[in-house]
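>
In our numbering, the protein residues as written are 25 to 834.
(1) Taking C-alpha atoms, which residue in 271, 174, 218, 252 lies nearest to residue 240?
(2) Pick out whichever of 95, 79, 76 has its Cα sitting closest to the Cα of residue 835.
(3) Hey, is the segment 512-528 in contact with the segment 589-596, meaning 3+ C-beta pairs nearer than 8 Å?
(4) Over the uninterrupted alpha helix (DSSP H) stretch that includes residue 283, give me the two end residues.
(5) Thinking just about the alpha-carbon of each residue, which of 181, 140, 71 is nearest to the one in residue 160?
(6) With DSSP as the reference, label residue 278 as helix, strand or coil.
(7) Mapping the DSSP letters down to three states, classify residue 96 as helix, strand or coil.
(8) Within this structure, are the beta carbons of residue 803 and residue 822 separated by less than 8 Å?
(9) Start and end of the alpha helix (DSSP H) containing residue 491?
(10) Let me know the secondary structure DSSP gives residue 397 once reduced to three states.
(11) What residue range is occupied by the uninterrupted beta strand (DSSP E) comprising residue 571?
(12) Would you say residue 461 and residue 553 are within 8 Å of each other, going by their C-beta atoms?
(13) Identify every run of the alpha helix (DSSP H) within the segment 620-656, keeping only runs that are complete inside it and at least 4 residues long; order them along the chain.
(14) Are there 16 or more other CB atoms within 10 angstroms of the CB of residue 199, so buried, or fewer, so exposed?
(15) Just to confirm, is the Cβ distance from residue 226 to residue 180 under 8 Å?
(16) Suppose contacts are defined by Cβ-Cβ distances below 8 Å. Is residue 423 in contact with residue 446 by that definition?
(17) Is residue 568 closer than 8 Å to residue 699 when the C-beta atoms are compared?
(18) In the DSSP assignment, the beta strand (DSSP E) including residue 743 goes from what residue to what residue?
(19) In this structure, does DSSP put residue 82 in helix, strand or coil?
(20) Is DSSP giving residue 549 helix, strand or coil here?
(21) From what residue to what residue does the beta strand (DSSP E) around residue 816 run?
(22) Where residue 395 and residue 450 are concerned, what is the direct C-alpha to C-alpha distance, given to the nearest angstrom?
(23) Which one or two residues does DSSP pair with residue 831 in a beta bridge?
(24) For residue 320, name the three-state secondary structure that DSSP assigns.
(25) Considering Cα atoms alone, identify which of 601, 672, 677, 697 is closest to residue 636.
(26) Could you check whether residue 520 and residue 485 sit closer than 8 Å to each other, using their CB atoms as the reference points?
(27) Label residue 655 either buried or exposed according to how many other C-beta atoms from any shown protein chain fall within 10 Å of its C-beta, with 16 as the threshold for buried.
(28) Put residue 788 into one of helix, strand or coil per three-state DSSP.
(29) Measure the alpha-carbon distance for residue 628 versus residue 439 and round it to whole angstroms.
(30) By the DSSP assignment, the beta strand (DSSP E) with residue 17 in it spans what residues?
(31) Can you give me the start and stop residues for the beta strand (DSSP E) that residue 346 sits inside?
(32) Beta strand (DSSP E) containing residue 153: first to last residue?
(33) Mapping the DSSP letters down to three states, classify residue 169 as helix, strand or coil.
(34) Excluding the 5 residues preceding and the 5 following residue 479 in the sequence, name in chain order all residues of the same chain whose CB lies nearer than 6 Å to its CB.
(35) In its own chain, which residues sit with a C-beta less than 8 Å from the C-beta of residue 87, not counting the 5 before and 5 after it?
(36) Who are the near neighbours of residue 376 in its chain, counting only those whose CB is closer than 6 Å to its CB and skipping five residues on each side?
This is the structure:
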């Protein structure tokens with residue numbers, strides 16, 4: 025779709041006051057109408073059909089209470105604005121056929137329009153011919169039939185007779201009646217609202233219905249209209265017959281849209297529409313509106329400036345009298361918005377200008393014809409090194425990134441390696457859901473496993489879910505909606521049902537929420553992503569007895585802290601402030617329980633590119649950022665600090681995590697319960713029990729990693745065996761330091777210069793012992809207590825090395 029054909033429009037909806045609504049969430053707690061509408065709106069954004077205007081966003085007004093703003097695609101010209109039409113019958117028939125096709129699609133998705141008017145049938149010209157597109161077709165759905173709105177969602181001229189009775193719900197047959205009125209207007213070439221006012225129209229309709237004998241009112245309606253206008257079409261044509269079948273008084277006598285579709289397209293097969301594939305390109309209208317917002321445009325500000333939303337001074341809302349249980353009298357509502365549901369066209373000239381100024385080289389990047397110089401260049405363009413938050417607000421950068429990522433996604437899986445290389449820079453927010461599914465290797469068969477899972481039957485976790493789900497990321501607007509609560513519960517129950525050896529631990533809801541938000545309209549895909557994520561990063565964390573897994577994780581984390589910051593490790597150890605007191609929620613949920621979603625997204629963008637040891641380094645990076653407060657704190661101060669974490673710089677956390685991850689030998693992060701992510705020759709260590717691991721004050725390193733560092737000249741090896749053993753055979757370049765139980769400063773001076781030099785150069789200090797490692801543990805503990813960083817122990821001791829590596833002292 026060309027940019028010049030894309031336009032957006034906004035309407036305002038005034039929701040009822042929360043205390044006027046009896047409906048509650050599934051927790052029996054009151055919930056605002058606007059919140060419920062936002063939850064339902066997400067379903068509409070997934071609908072794609074050439075005969076409907078795409079919904080792109082719904083937001084709650086920040087300046088006015090109970091007002092929400094709905095933004096959708098807009099053509100700018102409606103059927104009503106073009107009357108009287110002087111089209112021939114063939115053109116009208118084709119136009120109405122497109123409307124019927126769109127209605128049939130919506131009804132197949134259980135979407136009743138309930139507000140179908142000539143104003144809501146928009147027209148656009150493509151290749152010289154007019155095409156129809158339904159607008160505002162989702163208002164009835166998101167407002168629960170108008171129950172959540174503070175004004176009636178109806179147009180008298182197009183309302184079906186059965187809806188005149190109180191508490192009657194609109195149906196697909198109601199839409200058919202509205203279509204019949206539109207057909208009558210096309211036949212006469214005149215809007216009924218231009219002939220009669222509402223009261224006059226109701227009088228006419230009552231008369232026609234009373235004298236119709238429960239049949240169609242079309243003939244009588246046209247006779248009444250003939251006194252005011254000239255009927256443009258013969259009554260015997262096909263269009264007249266269709267209108268007559270639509271305007272049957274009894275809904276049971278009216279055709280359904282599916283039946284009408286056969287009248288317009290008798291030879292066509294039923295078309296099946298589905299939500300877009302998660303690895304397909306995002307609809308261009310969503311992309312354009314995302315870029316429109318990056319131009320500095322605010323829909324709410326525009327609507328306020330144009331008078332669509334009218335704000336009065338809050339002083340006018342002060343009540344003149346307050347009685348009994350704080351009931352107010354004489355209170356003037358200062359939130360006013362346009363209630364006639366007219367679409368306000370949003371200006372797009374600024375976006376067009378900004379996009380036209382972007383270099384074509386950035387928008388049309390070719391991966392097939394990149395020059396070798398460009399591929400091998402280490403220079404990084406300035407926008408790529410800016411903070412993530414800044415890059416996400418830069419329209420030039422986002423436009424080029426979205427175009428590049430879209431190209432790679434469309435080429436998936438053939439360009440998967442190139443896609444992984446590109447997303448190391450950053451992930452465009454609009455493509456995050458699709459990219460995560462790719463990084464997690466989600467395939468169609470894993471998505472299909474969701475179907476057929478029992479998410480209805482009672483499970484032992486139901487009671488706890490009822491408590492946890494309403495509190496899950498409740499600051500996030502979408503997550504507070506009943507629709508999100510239902511879908512989150514369905515996701516969790518499906519995962520627990522398919523994994524009977526696991527149980528629900530608090531925090532699993534927070535872990536699931538990011539996948540729900542990114543795939544709100546594709547729960548099977550959200551389930552597949554969650555399942556893949558847990559298998560990769562949280563293997564066995566949700567066992568009924570997960571103590572061995574958690575405690576091993578905390579031990580390895582503690583060892584990494586001592587390796588990277590021995591001073592902080594020693595300080596926390598002295599005041600007995602162990603990771604058990606603060607880090608379990610971190611690792612059990614991969615930080616989803618302690619970080620807001622917008623920060624978690626940035627963190628997981630990087631996490632999904634690396635292995636299951638990376639969360640350990642994220643934990644160390646958070647401690648590094650809190651170090652100024654922790655290093656001088658007492659126990660109670662540390663408890664308070666972690667009970668309410670300060671605002672963390674997520675870019676710094678990500679940067680430090682990657683730095684630690686790349687600088688620490690892989691084997692130092694080894695866990696026996698982890699998903700296999702290390703090459704056996706690279707990082708396989710001896711498996712110890714948790715109690716044995718606690719006797720170490722630093723991590724262990726594999727022989728492979730030690731020898732790699734030895735070749736690079738970035739390791740200091742301290743051999744703690746006796747002098748006799750050392751002379752029999754030792755690693756060239758190692759220092760002999762026979763261990764004694766009493767290490768004085770004078771004896772330690774033998775190795776102090778070498779150790780301090782290694783620390784100053786950020787080299788690794790490896791303690792070498794026999795296989796029992798008793799002396800190695802003690803010396804490493806001494807080194808760590810003296811605040812020397814990067815201390816580790818060779819796993820398996822001298823016996824783990826090949827004999828040819830040793831030299832004999834002369």
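Here a beta-carbon is modelled for each residue, glycine too, at the ideal position from N, C-alpha and C.
Walking through what the data contain:
(1) 271
(2) Summary: the structure shown does not reach residue 835, with the chain confined to residues 25 through 834, and so no result is reported for it.
(3) no
(4) 281-288
(5) 140
(6) coil
(7) strand
(8) no
(9) Where residue 491 is concerned, the enclosing alpha helix (DSSP H) stretches over 486-492.
(10) With a pLDDT of only 42 at residue 397, under 50, the local geometry of the prediction cannot be trusted, and the value read off the model is given with reservation. Note: residue 397 maps to helix in three-state DSSP.
(11) Where residue 571 is concerned, there is no enclosing beta strand (DSSP E), although the alpha helix (DSSP H) it sits in stretches over 571-588.
(12) yes
(13) 621-631, 638-654
(14) buried
(15) Yes. Within cutoff.
(16) no
(17) no
(18) 739-743
(19) Shown here, residue 82 sits in a strand according to DSSP, grouped into three states.
(20) helix
(21) 815-818
(22) With a pLDDT of 45 at residue 395, under the threshold of 50, the modelled position of that residue is not reliable, and the figure given next carries that caveat. Whole-angstrom Cα-Cα distance: 23 Å.
(23) 754
(24) Residue state, collapsed to three classes: coil.
(25) With distances taken between Cα atoms, residue 636 lies closest to 697.
(26) yes
(27) exposed
(28) strand
(29) Across the structure, residue 628 and residue 439 are spaced so that their CA atoms are roughly 22 Å apart.
(30) Outside the shown range of the chain (25 to 834) lies residue 17, about which nothing can therefore be said.
(31) 345-347
(32) 153-158
(33) Residue state, collapsed to three classes: coil.
(34) 514, 517, 518
(35) 324, 328, 333, 335
(36) none
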